[in-house]
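If you read the sequences in order, they're chains A and B.
Just so it is clear: in the first sequence, position 51 is 51 by UniProt numbering, and no numbers are missing.
Just so it is clear: in the second sequence, position 76 is 76 by UniProt numbering, and no numbers are missing.
Cβ coordinates follow ideal geometry from the N, Cα and C atoms, glycine included.
There are 2 protein chains.
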Amino acid sequence: MINFILDPKNGVPLYRQIINQIRFGIASGQLKSGEQLPTVRALAVELKINLNTIAKAYKELEIQSVLESQQGTGTFISSTKVELNHDERAKKLTDTCSEFLSVTNAYGFSHKEIIEKLKMMKP
Amino acid sequence: MINFILDPKNGVPLYRQIINQIRFGIASGQLKSGEQLPTVRALAVELKINLNTIAKAYKELEIQSVLESQQGTGTFISSTKVELNHDERAKKLTDTCSEFLSVTNAYGFSHKEIIEKLKMMKP
DNA sequence: AATATTGTACTAGTGTCGTAGTACAATAAT
DNA sequence: ATTATTGTACTACGACACTAGTACAATATT
Chain A
1 MINFILDPKN GVPLYRQIIN QIRFGIASGQ LKSGEQLPTV RALAVELKIN LNTIAKAYKE
61 LEIQSVLESQ QGTGTFISST KVELNHDERA KKLTDTCSEF LSVTNAYGFS HKEIIEKLKM
121 MKP
Chain B
1 MINFILDPKN GVPLYRQIIN QIRFGIASGQ LKSGEQLPTV RALAVELKIN LNTIAKAYKE
61 LEIQSVLESQ QGTGTFISST KVELNHDERA KKLTDTCSEF LSVTNAYGFS HKEIIEKLKM
121 MKP
């Protein structure tokens with residue numbers, strides 16, 4: 001189970017906040033393989049947003065093989081472990097880091113400086 | 001002097017590409033304090049885009065005290081060294097890192113993993 | 001079989017962003 | 001003074017993103 005919290009004035013789109021929280025839930029072990037997620041309608045009511053917003057989040061995660069949806073049944077955490085799409089994962093890391101370096105580089109932050117900061121921010 | 005290169009199908013807005021290249025030019029020492037940048041019209045012709053796109057980039061950098069513009073004269077690299085706004089700089093790094101960690105965290109990348117990757121990508 | 005529950009498809013409205021067109025204002029050059 | 005050059009202001013248009021409303025289709029339940 002998972003408790004969703006949305007911040008409408010966050011700048012981050014609602015559907016993306018949902019995606020992130022699900023991904024984090026899985027990564028942190030809070031959500032386990034095969035577990036059922038709230039139905040789009042139930043979550044829509046709970047969060048007081050439109051059901052399509054939930055559906056959009058679910059769908060994107062389904063495309064990424066993180067979730068599995070079936071009409072009339074529900075949406076579940078994919079049984080095939082996420083670790084499987086090793087290439088996708090590696091690419092994501094590379095892309096994210098690349099963009100990150102591009103920005104920090106433009107601002108003149110050195111490699112050392114960046115890594116120091118990241119180590120400090122370890123949550 | 002500096003040679004601008006724009007990639008329209010990059011996803012990154014043109015005005016932002018200009019901003020990044022100017023910032024990098026300064027950070028890398030390629031652009032020096034007091035140096036004049038191309039006029040909005042000259043650069044617009046050279047890059048075959050609208051002059052307002054250039055103006056938008058210049059303006060944002062002027063707000064950040066990176067550039068100084070004067071009507072009828074031109075746009076110049078700010079004489080007061082960028083190092084001065086120490087706080088802004090620190091905040092920028094914190095914010096950028098924070099967002100970066102937020103994304104990587106959602107995808108389940110560990111702190112170690114991230115830092116290893118960044119070290120590898122050292123250009 | 002009939003009904004309820006679930007995800008899906010289609011449409012539309014709203015807002016924002018990026019870029020461009022055009023006219024204006026300030027400074028420099030003649 | 002007049003003209004040229006420079007940045008600026010205003011408007012508008014197209015594209016896209018985000019969310020919502022509503023109807024449809026598939027599965028489960030009774």
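To the nearest angstrom, how far is it from the Cα of residue i to the Cα of residue j?
i, j, result
"A:I49", "B:K32", "51 Å"
"B:G29", "B:T80", "15 Å"
"A:A55", "A:A42", "11 Å"
"A:G108", "A:I115", "14 Å"
"residue 140 of chain B", "B:E68", "As shown, chain B starts at 1 and ends at 123. That puts residue 140 of chain B outside it, with no answer to give."
"A:T53", "B:I26", "43 Å"
"A:I18", "A:F4", "7 Å"
"B:N20", "B:V12", "10 Å"
"A:L51", "B:I63", "41 Å"
"B:K59", "A:P8", "30 Å"
"A:Q70", "A:M120", "44 Å"
"A:E88", "A:H111", "26 Å"
"B:G74", "A:H86", "51 Å"
Measuring alpha carbon to alpha carbon, tell me which of the options ends up nearest residue i.
i, options, result
"B:M1", "B:P13, B:Q36, B:E62, B:N105", "B:Q36"
"A:S65", "A:S78, A:K56, A:N3", "A:S78"
"B:G72", "B:L61, B:C97, B:T39, B:K92", "B:T39"
"A:E99", "B:D87, B:K91, B:N10", "B:N10"
"A:T94", "B:L118, B:N3, B:I19", "B:L118"
"A:S122", "B:S102, B:E88, B:L51, B:M120", "The question names Ser, yet the displayed sequence has Lys at residue 122 of chain A. Taking only the C-alpha atoms, the option nearest A:K122 is B:S102."
"A:E113", "B:K92, B:S110, B:N3", "B:K92"
Closer than 9 Å by beta-carbon distance: list the chain A residues that pair up with residue i, in chain order.
i, result
"B:A57", "Those within 9 Å of B:A57 in chain A number zero; the least Cβ separation is about 12 Å."
"B:T75", "Chain A residues near B:T75: none, gap ~18 Å exceeds 9 Å."
Which residues in chain A have a C-beta closer than 7 Å to the C-beta of residue i? List them in chain order.
i, result
"B:F24", "N105, A106"
"B:H111", "K122"
Find out if the Cβ-Cβ distance for the pair residue i, residue j is shorter than 7 Å.
i, j, result
"B:Y15", "B:A44", "no"
"A:T104", "B:T104", "no"
"A:Y61", "A:L6", "Residue identity check: residue 61 of chain A is Leu in the sequence provided, not Tyr. No, the Cβ-Cβ distance between A:L61 and A:L6 is not below 7 Å."
"B:R23", "A:A90", "no"
At a CB-CB cut-off below 7 Å, which residues of chain B make contact with residue i?
i, result
"A:N20", "A106"
Can you list the residues of chain A that residue i reaches, using a CB-CB cut of under 8 Å?
i, result
"residue 127 of chain B", "Because chain B spans 1 through 123 in this model, residue 127 of chain B falls outside it and cannot be assessed."
"B:K92", "Y107"
"B:A27", "N105, A106, Y107, G108"
Which bits of chain B does residue i rub up against, with CB to CB less than 9 Å?
i, result
"A:T80", "Chain B residues near A:T80: none, gap ~15 Å exceeds 9 Å."
"A:T39", "None at all; the shortest Cβ gap to chain B is about 23 Å."
So residue i contacts chain B; which residues on that side make the cut at Cβ distance below 8 Å?
i, result
"A:T53", "Per Cβ cutoff of 8 Å: no residues; A:T53 is ~18 Å from chain B at best."
So is the beta-carbon of residue i under 6 Å away from any non-hydrogen atom of the ligand COA?
i, result
"A:L93", "Summarising the ligand content, the structure contains no ligands, and the ligand COA is consequently not present."
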